[in-house]
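Enquirer: Quick note: the sequence shown uses the numbering used here, first residue -9, plus one each step.
Backbone N, C-alpha and C fix where the C-beta goes; we use that ideal spot for every residue, glycine too.
My questions all concern the structure below.
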Amino acid sequence: MLSQTDSTSALGWLRKSNFADKVDEMVQLSTARKLADIMLSSNIGLFSQWFPGEENVVADSLSRDFHLSDVDLSNLLLLHCPDQVPFGLKILPVPPDIISWLTCLLLSQPQEAPWTKALTRSIRAWVSFQRYLNSIGVIQDPFLDQFSSVQRTKILSAFAHAIWEGRFCDGPSIKTVKSKSIRAALDGVSQIYKLADRPDPRLDGNGRLTLLLQKQLRGYSSVDPAV
């Protein structure tokens, strides 16, 4: 397996195997062991290749162009960057079992670890989102793959309203939640979509926040409870 990156930190991490067995490096240690287990059980090797940032167009596109479908993005990269991608490139989502494993690992970390705070917030928003989906009968489709982009946006909008009403939020139910907390929940859900190589459900075809969510968030902001 070949890993191509323009991040010297990521490149160094892939070659590092001596993480300390202590709290602030447990995620790195557990992830390194998990990766090694996958490599060994699959009988494959791991190779890494570094590109200067200005030349690594593929990595930039994969980490930013979430408004494109996997098929459209694959075709775009094959057309414009044929020297950086293999013929017949096909982008695949992160397997659900890997996402589940990472989620459990991060949730088990101490909340005071500063570098885990953003991911922890995203995971908690995702857990709330899954609780909401279960409440409306969407049981085995966590990323709403069976729905159209318009339907995904509407479901996300309904989830935002449930959060605003104090339902499906982390902690005691309150009435009502501030608009910035609702936006943070939507952003957290979108981060998990990105980790799974799924299109950002908040955005329209132009990569902007959908008009529905824009109006909804403005409405919540106008009635935010006083501090």
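T(-2) by DSSP, collapsed to three states: which one?
Expert: It is helical.
Enquirer: Could you tell me the alpha carbon to alpha carbon distance between R114 and F149, rounded to whole angstroms?
Expert: The straight-line gap from Cα to Cα measures roughly 14 Å.
Enquirer: Going by beta-carbon coordinates alone, are D187 and V75 separated by less than 8 Å?
Expert: No, they are not a contact pair.
Enquirer: Taking the alpha helix (DSSP H) that S59 falls in, what are its first and last residues?
Expert: No alpha helix (DSSP H) contains S59, which DSSP labels as neither H nor E.
Enquirer: Is the distance from the Cβ of G178 to the Cβ of W116 below 8 Å?
Expert: Yes; because the gap between Cβ atoms is below 8 Å, this pair is in contact.
Enquirer: If the criterion is Cβ atoms closer than 8 Å, does the pair L68 and L58 meet it?
Expert: Taking 8 Å as the Cβ cut-off, L68 and L58 do not qualify as a contacting pair.
Enquirer: Check S125 in the structure and name its three-state DSSP category.
Expert: Here S125 sits in helix by DSSP.
Enquirer: G195 to A26, Cα distance in whole Å?
Expert: C-alpha separation (whole angstroms): 38 Å.
Enquirer: Less than 8 Å between the C-beta atoms of L146 and R173, yes or no?
Expert: Contact flag unset, no.
Enquirer: Going by DSSP in three states, Q141 sits in which element: helix, strand or coil?
Expert: Note: Q141 maps to helix in three-state DSSP.
Enquirer: With burial defined as no fewer than 16 other Cβ atoms inside 10 Å of the residue's Cβ, what is the status of F219: buried or exposed?
Expert: Outside the modelled stretch of the chain, which goes from -9 to 217, sits residue 219, for which no answer is possible.
Enquirer: Which residue marks the beginning of the alpha helix (DSSP H) containing S51, and which one marks its end?
Expert: From DSSP, the alpha helix (DSSP H) with S51 extends over V47 to R54.
Enquirer: Is Q39 helix, strand or coil by DSSP?
Expert: Looking at Q39 - three-state DSSP - the assignment turns out to be strand.
Enquirer: In its own chain, which residues sit with a C-beta less than 7 Å from the C-beta of D55, not counting the 5 before and 5 after it?
Expert: Excluding positions up to five away in sequence, the list reads L63.
Enquirer: Per DSSP, what kind of secondary structure is G156 in: helix, strand or coil?
Expert: Coil, per DSSP.
Enquirer: In the DSSP assignment, the alpha helix (DSSP H) including A220 goes from what residue to what residue?
Expert: The chain is shown from -9 up to 217; residue 220 falls before or after that span and cannot be answered.
Enquirer: So L19 is in the alpha helix (DSSP H); what residue range does that whole segment cover?
Expert: Per DSSP, L19 belongs to the alpha helix (DSSP H) from M16 to S32.
Enquirer: Who are the Cβ neighbours of T200 in its own chain at under 8 Å, not counting the five residues just before and after it?
Expert: T143, R192, L193 and D194, listed in sequence order.
Enquirer: Is the beta carbon of S139 less than 8 Å from the beta carbon of Q181?
Expert: No.
Enquirer: Hey, K184 and W91: beta-carbon distance below 8 Å or not?
Expert: The answer is no: Cβ separation not under 8 Å.
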